[in-house]
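Counting in this note's numbering, the sequence shown runs from 110 upward without gaps.
C-beta: ideal position from N, C-alpha, C; glycine also.
Note that this is a predicted model, so its numbers are computed, not measured.
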Amino acid sequence: MDVEVFLTSATVEDDDVKGRTVVVIDVLRACSTIVTALANGARAVLPVADMAEAGRIASNLNRSVYRLGGEREGTKIDGYDLGNSPRAYTREAVEGRDVILNTTNGTVALTRASAAEELLVGCFLNVERVIERIEAAGRDVTIVCAGQSNRISLEDTLCAGLLLHRLWDGEEPDVTTDTAHVAFSQYRRDRDDVAQALRRSDNARR
């Protein structure tokens, strides 16, 4: 199994993901929000790249069946029902409804990777399920970290490293890419106290 890692989504193109299982990671917070919304009964989560696309989708739906969620640079978008904190996506808020989600980094990364054969949402909340899907599919894998405004983010890199640690049974192959090595090494460094490492991240302090 070939594994490629992008530490931000800025340079991801269709040829990087076609025919592959792709895992997009945005720990803080879009992917964690998506996983939480689905766990709390949302019918579907529709990630979009911008407010215009969100508006187009919403215009074709009955207002009673969807919720608009999202942020720009960490601030809830005016007129939206929800921001981008997983805590807001309670069963009362989303059960039985579609969520149209529009965020600065995570949903942009998901749209950039949309040419994948199979596109998975990844975060610390669903690592086991992601590993199961990767192993069941048996395809080559691309891990795309959303990052923060086209820069590397610690939390996404750590989560990518955890996935690599599981996929490689804890041992880095002799031949790998620089970006995979960075993610794997970061996780190996911080794995004994991931929560503390996350608290050091720029996004956690925002």
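What residue does the beta strand (DSSP E) around isoleucine 252 start on, and which one ends it? That run of the beta strand (DSSP E) goes 250–254.
Is the beta carbon of arginine 152 closer than 7 Å to that of glycine 192? No; because the gap between Cβ atoms is not below 7 Å, this pair is not in contact.
Going residue by residue through the segment 169–242, where are the continuous beta strand (DSSP E) segments of at least 3 residues, counting only ones entirely within it? Runs found: 175–181, 207–211, 227–231.
Going by DSSP, what residue range makes up the alpha helix (DSSP H) through isoleucine 134? Unbroken run through isoleucine 134 is the beta strand (DSSP E), 130–134; no alpha helix (DSSP H).
Specify whether the segment 239–249 and the segment 210–221 touch according to this definition: at least 3 beta carbon pairs, one from each stretch, less than 8 Å apart. At 8 Å Cβ cutoff, the stretches do not touch.
Per the contact definition of three or more C-beta pairs closer than 8 Å, is the segment 154–171 in contact with the segment 248–263? The segment 248–263 vs the segment 154–171: no contact.
Going by DSSP, which residues form a beta bridge with arginine 260? In the DSSP assignment, the residues bridged to arginine 260 are Gln257.
Buried or exposed: valine 174, going by 16 or more other Cβ atoms within 10 Å of its Cβ? Classification for valine 174: exposed.
How far does the beta strand (DSSP E) with alanine 153 in it reach, from first residue to last? 153–157 is the extent of the beta strand (DSSP E) around alanine 153.
Terminal residues of the continuous beta strand (DSSP E) containing valine 112? For valine 112, the enclosing beta strand (DSSP E) begins and ends at 112–115.
Which residue comes first and which comes last in the alpha helix (DSSP H) that contains alanine 119? Taken as a continuous stretch (DSSP letters only), alanine 119 belongs to no alpha helix (DSSP H), as it is neither H nor E.
Whether glutamine 295 touches glycine 279 by CB criterion (7 Å): No, the pair does not count as a contact, with Cβ atoms beyond the cut-off.
Under the rule that 16 or more other beta-carbon atoms within 10 Å means buried, what is glutamine 257, buried or exposed? With at least 16 other beta carbons inside 10 angstroms of its own, glutamine 257 counts as buried.
Just the C-alpha distance for arginine 308 and valine 208, rounded to the nearest angstrom, thanks. Going from the Cα of arginine 308 to the Cα of valine 208 covers about 28 Å.
Could you check whether the segment 120–128 touches the segment 216–226, counting it as contact only if at least three pairs of C-beta atoms, one from each stretch, sit closer than 8 Å? Because the criterion of three Cβ pairs below 8 Å is met, the segment 120–128 and the segment 216–226 touch.
Which residue comes first and which comes last in the alpha helix (DSSP H) that contains aspartate 287? Start and end: 287–299.
Please return the same chain residues whose Cβ sits closer than 7 Å to the Cβ of arginine 200, not counting the five positions on each side in sequence. These residues qualify, in order along the chain: Asn149, Gly150.
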